Amino acid sequence: MNLTAHQQWLINFYQKRGWYQLSPFIRVNFISEEVGELSRAVRAIEIGRDHPGEQPRSATQLHDNLIEELGDITDQVLVLAAKYDIKPDELLRYSEQKLTRRFANEDSVDDE
């Protein structure tokens, strides 16, 4: 699946549940919440968690949780972008162009 198709799938999914009409301001708060969950997932992998209310997780469970949280953030960013009529390829292209301009005076990175 490509990002543009996934963005459209998300829009449809969110519209069916009445979530899409939430404002971009609220959406940014959801992104902040997801970043916190991602931080917790990375911490669990990198330094562990010693919490009496939590059972230890296997490496597979930790990796699965990391993928889940990265996916949640990606989804929220794609929905926010859609609220402003921004397509994923536009985001990626803009990012690459910005970095290329910013570091134009350094050795260029070969296209992969």
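All letters in the sequence shown, in the order written, are residues 1 to 112 by the UniProt record's numbering. The C-beta atom is built at its ideal place from N, Cα and C for all residues, glycine as well. Owing to the predicted nature of the structure, the values given are computational and were not obtained by experimental measurement.
Counting along the chain, GLN97 sits inside the alpha helix (DSSP H) bounded by residues 88–102. Rounded to whole angstroms, the separation of the alpha carbons of ARG27 and LEU92 is 20 angstroms.
Taken in chain order, the complete alpha helix (DSSP H) segments of 4 residues or longer contained in the segment 25–96 are 59–83. For SER23, the closest of ASN2, ALA81, GLN55, THR100 by C-alpha to C-alpha distance is ALA81. When DSSP states are grouped into helix, strand and coil, GLN15 belongs to the helix group.
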